[in-house]
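Just so it is clear: in the sequence shown, position 418 is 418 by the UniProt record's numbering, and no numbers are missing. Data block below; observations after.
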Amino acid sequence: MERVETLPAATEAGIGAERECFHCSLPIPDGTRFHVVVDGRPHRLCCHGCEAVARAIVDAGLTGYYRHRTAPSRRAEDLVPAQLREMELYDRDDLQRSFVRAAEQGTVREASLILEGIVCAACVWLNERHVGAVPGVLEFRVNYSTHRAHLRWDNARVPLSRILKTIAAIGYVAHPFDPGRQEALQRKERAQALRRVAIAGLGSMQVMMLAVALYAGDYYGIDADIRHFLRWISLVITVPVLMYASTPFFQAAWRDLRRGALGMDVPIAAAVLLATVASAWHTVTGSGEIYFDSATMFVFFLLSGRFLEMAARHRAAQVSEELVRILPSTATRLDPTGAETVVAVAELAPGDRVLVRPGETVPADGQVLEGASSVDESLLTGESLPLAKGFGDALVGGAVNVESPLVMRVERVGAETVLSSIVRLLDRAQSEKPRIAALADRIAGGFVAALLVICAGVAWWWWQHDAARAFPIVLAVLVVTCPCALGLATPAAITAATGRLTRNGLLTTRGHALETLARTTHVVFDKTGTLTHGKLRLVRVVPAGALAEAECLAIAAALERGSEHPVGRALVEATDDRRQAHDIANVPGQGVSGMLDGQRYRIGKPQAEGLPAAAQGDDGTWVELAGEAGVLAWFQFADRLRGDAAETVAALRALGLQILLLSGDRPGAVAAVAAEVGIAHAEGGLLPADKLARIGALQREGAVVAMVGDGINDTPVLAAANVSIAMGSGTQLAHAAADMVLLASSLRQLAEGIRVARRTLAIIRQNLAWSLIYNVLALPAAAAGWITPWMSAIGMSLSSVLVVLNALRLRADGRR
């Protein structure tokens, strides 16, 4: 293995010509003797810090980083020593609680980090391989667009601080994801892009004014000295456009070429460089045409199009940042005596009692203990109306209390909350590339290769027939057929559509979800928790004696006051009477008995022969209330159907989809729900394996199946479907297995999601078709010499802007 070492004097003399540090490119002070051997060749280094960083890279066998990087590396001295010391703090459980979650049972953990110092794809490559080689690191993925990293590691084998120090050893800084820092990085990227656009725009305007004068001089006549002077001024103005504004194109093209790839930046860089160099040569020699106007306009329009794409990408990223930012920094914790203490949200623990005043944000997931109010969950679910919350109802961290004070019991904090789960799923979707985007990338690569071959053919033909016109025609062909529109169209559309669906409450968690959802032919629903709320409610009270319905209900609720059984909770919620029975005895499978007002009562499983006539043949759940003298009343419970279930089924059917209901519930109950919502094909009493078999049969017949479910038993079926949608109220395991999560309580977002997905696919196809048609028409015209280079720049740039604007139509809230 190659190592950093002090080389013999003879060897050092052999590399004495190097005046810049091989690692960071800073000047090497006289008298330093630091070296590194990379790929068999010695190179000089400037200091101990660069030596240490280079040692880490070379010893890990990652010298390919130096071959692929496009910018100087960071020096170890750039890392503040205090930051390195603070990394030890991240091993503390109390600090990890806010950004680390237990991925599995045992010691495996997950965290979202942000990396500082990422400047190119080689940086991503280096970090992923260097950190991935650390024993105990199970997964490390870096998103180049957002500089976010997903880390999964075994905490028993390697602490988090050692991983962070490993990253620091190669010149980067990693820390827990903070939306404030992410926003700062985006501001920096946006400001730099604006500067490039401004310089290119000012340069192109000035050069174009001079070009108009030169064109007019060709027609009306112009003094040779004036012509020569205007050419030199154009060259001077073009230099900053070439050296600064065009830098991203040259860096990307060089990176692609070093990897043996032909990206879309290769023809861009070739066109800009050829036009500028040829024009500069003609300016110096005083002969031939100049194309400074074409080169600067090309750069300006292209940068403008990419700025639009970057803005759309940032807006989509802001969805997850807004979710993170909605949690408050402090909360009001209540001690056992009711005294209030303001604490940091990170200090909350399960079991704490917290006061949430009107207008305040719920700091963690929990349950209402006291009070009744309305809660706004629109930022989380897209639900526009506040939801009523009372005793026993669940509260989600990030929701806003609207009306009255609430006292809640904290149940989940930090990385275990619903909000953290949503952010993780959104991060996963943004890090995965859709299949259609990967296809567009492959098409663009082949198109670039074909374009270069065509340019060579066009150059040869014109060189044989009219050598004077060969260069401007080849330049026009390079510019007019640049595949930027092809490269921008798909990601812009996917980004815009994902952002819109997230705002509406349908979270996309897999890259392929939109594409597959657009091609869906069959939608399969589970029943409980999907078409229904998954929560029993009291629908009927049938008295059997002299007591009134209200008194029977009050007695039953008193017996069930401390019960966690769904029937008990439904009884307690159905009455405002707060009496409490005592001497409670619970008989598993039979019911509960207790004393109230000197009488013993029992509520539980009824005797079949004692049920009322109304219960015969009914598929609902019945319980019996009995006193010392006999049966007092019967209670009927049912799972409440979602209010928009029938409307959603009708909307999906109107979209041409086949709707099925597959459930493990009793066939009679399933048939009743299917009839109520309008589903013709329904089956009940199915095990998960039976559901898998039904979906497999549909897929073998060519169906593209979307599965909608919520429970743990739905997880295998969600994974087997072509595209799966989990209810936001469902289990975390169902969320992890699903491609999309319906955060809103409204099912109607399903139909809207399919409309948006279909429109997204249609817009992508429109963009691809436009790119193809544009090139089919423009290429022959440019090759024939009918299009000048400056006309090519305008046409290509307008083509790119057009497809981006077309994609951004998906951000509109209205339906087409």
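Yeah, the Cβ is synthetic: ideal placement off N, Cα and C, and Gly gets one too.
Check this for me: beta carbons of A54 and V36, under 7 Å apart or not? For this step, residue 54 is matched to residue 54 along the sequence shown. For this step, residue 36 is matched to residue 36 along the sequence shown. One thing to note: A54 has its Cβ within 7 Å of the Cβ of V36.
Can you tell me whether G696 is buried or exposed, with buried defined as 16 or more other CB within 10 angstroms of its CB? Mapped onto the sequence shown, residue 696 falls at position 696. Exposed: under 16 other Cβ atoms inside 10 Å.
Kindly indicate which residue of R412, E573 and R600 has the alpha-carbon position closest to the one of D583. Residue numbering aside, residue 583 sits at position 583 when the sequence shown is read from its first letter. Distance from the Cα of D583 is smallest, within the candidate group R412, E573 and R600, for R600.
Taking the alpha carbon of S304 as the reference point, which residue from A550, E340 and L798 has its own alpha carbon closest? Your numbering for residue 304 matches position 304 in the sequence shown. Per the Cα distances, L798.
Counting only the same chain and skipping the five closest in sequence on each side, list residues whose C-beta sits under 7 Å from that of F22. Position 22 of the sequence shown, counting from 1, holds the residue named residue 22. The residues are V36, H43, R44 and L45.
Assess contact between the stretch 623-631 and the stretch 646-666, defined as three or more Cβ pairs (one per stretch) separated by less than 8 Å. Is contact present? Result no; under three Cβ-Cβ pairs closer than 8 Å.
DSSP state of N722, grouped into three classes? What you label residue 722 is simply residue 722 of the sequence shown in a count that begins at 1. Residue state, collapsed to three classes: coil.
Alpha carbons only, please: which of Q658, Q192 and A450 is nearest the one belonging to V776? The residue given as residue 776 occupies position 776 in the sequence shown. Nearest option by C-alpha distance: A450.
Counting only runs of 4+ residues fully inside the stretch 679-709, write out the alpha helix (DSSP H) ranges in chain order. 688-700, all fully within the stretch 679-709.
For W634, write down the residues that DSSP places opposite it in a beta bridge. The residue you call residue 634 lines up with position 634 of the sequence shown. BP columns for W634 point to V542 and E624.
In whole angstroms, what separates the C-alpha of V741 from that of A346? Indexing the sequence shown from 1 puts residue 741 at position 741. Indexing the sequence shown from 1 puts residue 346 at position 346. It is roughly 27 Å from the alpha-carbon of V741 to the alpha-carbon of A346.
If you follow the alpha helix (DSSP H) that F471 is in, where does it begin and where does it stop? Start at 1 with the first residue of the sequence shown, and residue 471 comes out as number 471. F471: member of the alpha helix (DSSP H) spanning A467 to V480, first to last residue.
Measure from the alpha carbon of I268 to the alpha carbon of each residue in M208, K188, P363 and V479, then state which is nearest. In the sequence shown, counting from the first residue as 1, residue 268 sits at position 268. When each option's Cα is compared against that of I268, the closest is V479.
Give a yes or no on whether the C-beta atoms belonging to A557 and L571 are separated by under 7 Å. The sequence position of residue 557 within the sequence shown is 557, counting from 1. The sequence position of residue 571 within the sequence shown is 571, counting from 1. The criterion of a C-beta distance shorter than 7 Å is satisfied by A557 and L571.
Kindly identify the DSSP beta-bridge partner or partners of H582. On the sequence shown, position 582 is the one that residue 582 refers to. DSSP output for H582 lists M595 as bridge partner(s).
Going by other Cβ atoms of all chains shown within 10 Å of its Cβ, with 16 needed for buried, is R148 buried or exposed? Within the sequence shown, residue 148 is the residue found at index 148, counting from 1. Classification of R148: buried, given that the 10 Å Cβ count is 16 or more.
Considering Cα atoms alone, identify which of V677, D639, A654 and G656 is closest to R666. As a working mapping, residue 666 is identified with position 666 in the sequence shown. Taking R666 as reference, the option from V677, D639, A654 and G656 with the minimal CA-CA separation is D639.
For Y172, which of helix, strand or coil comes out of DSSP? Taking the sequence shown and counting its residues from 1, the one referred to as residue 172 is at position 172. In the structure shown, Y172 sits in coil (DSSP, three-state: anything other than H, G, I, E or B).
For L126, name the three-state secondary structure that DSSP assigns. Walking along the sequence shown from the start, residue 126 turns up at place 126. Here L126 sits in helix by DSSP.
Separation of E515 from L406, as counted between CA atoms: Here residue 406 is taken as the residue at index 406 of the sequence shown, counted from 1. Here residue 515 is taken as the residue at index 515 of the sequence shown, counted from 1. Approximately 43 Å, taken between the alpha carbons.
L115 versus Y172 - alpha carbon distance: The sequence position of residue 115 within the sequence shown is 115, counting from 1. The sequence position of residue 172 within the sequence shown is 172, counting from 1. If I take the Cα positions, the gap works out to 7 Å.
How many Å lie between R129 and V137 at the Cα? Residue 129 sits at position 129 when you count from the first residue of the sequence shown. Residue 137 sits at position 137 when you count from the first residue of the sequence shown. For R129 and V137, the distance between alpha carbons rounds to 11 Å.
Give me the residue from G201, Q464, R357 and D576 with the minimum Cα distance to A550. What you label residue 550 is simply residue 550 of the sequence shown in a count that begins at 1. Nearest to A550 by alpha-carbon distance, out of G201, Q464, R357 and D576, is D576.
Only counting runs of 4 or more residues, tell me where the alpha helix (DSSP H) segments fall wholly within the stretch 485-529, in order along the chain. Runs found: 513-518.
Which class does A9 belong to by DSSP, given the choice of helix, strand or coil? Walking along the sequence shown from the start, residue 9 turns up at place 9. Low confidence applies here, because A9 scores a pLDDT of 48, under 50, leaving its location unreliable; read the following figure in that light. Note: A9 maps to helix in three-state DSSP.
How do the stretch 361-375 and the stretch 386-394 stand: do at least 3 beta-carbon pairs fall below 8 Å, yes or no? Judged by Cβ distances under 8 Å, the stretch 361-375 makes contact with the stretch 386-394, as three or more pairs qualify.
Going by CA-CA distance only, name the one from T621, V362 and V410 that's closest to L348. Position 348 of the sequence shown, counted from the start, is the residue given in the question as residue 348. Minimum Cα distance to L348 is reached at V410.
State buried or exposed for G664, treating a residue as buried only when at least 16 other CB atoms are found within 10 Å of its CB. Within the sequence shown, the letter at position 664 stands for residue 664. With 16 or more Cβ atoms within 10 Å of its Cβ, G664 is classed as buried.
Can you give me the Cβ contacts of S204 inside the same chain, cut-off strictly under 8 Å, excluding the 5 residues immediately before and after it? The sequence position of residue 204 within the sequence shown is 204, counting from 1. Setting aside the 5 residues that flank it on each side, S204 is surrounded in the same chain by V241, D293, T296, M297, V299 and F300, each with a C-beta closer than 8 Å to its C-beta; the list follows chain order.
DSSP state of L531, grouped into three classes? Residue numbering aside, residue 531 sits at position 531 when the sequence shown is read from its first letter. If DSSP states are grouped into helix, strand and coil, L531 belongs with the helices.
Any idea what DSSP makes of H150, helix, strand or coil? Start at 1 with the first residue of the sequence shown, and residue 150 comes out as number 150. Strand, per DSSP.
Would you kindly report the start and end of the unbroken beta strand (DSSP E) that includes A668? In the sequence shown, the residue the question calls residue 668 occupies position 668. Residue identity differs from the one stated: residue 668 is Gly in this sequence, not Ala. Segment P667 to V677 is the alpha helix (DSSP H) holding G668; no beta strand (DSSP E) there.
Cβ-based burial, T495 [other Cβ within 10 Å; buried from 16]: Here residue 495 refers to the residue found at position 495 when the sequence shown is read from its first residue. Classification of T495: buried, given that the 10 Å Cβ count is 16 or more.
Take A546 as the anchor and find which of D466, A721 and A633 has the nearest alpha-carbon. On the sequence shown, position 546 is the one that residue 546 refers to. The shortest C-alpha to C-alpha distance from A546 to any of D466, A721 and A633 is the one to A633.
Between V704 and R642, what straight-line distance do the alpha-carbon atoms span, to the nearest angstrom? Position 704 of the sequence shown holds residue 704. Position 642 of the sequence shown holds residue 642. CA-CA distance, V704 to R642, rounds to 26 Å.
I'd like the span of the beta strand (DSSP E) that includes V407, first residue to last. Working through the sequence shown from its first residue, we reach residue 407 at position 407. Segment L406 to R412, the beta strand (DSSP E) holding V407.
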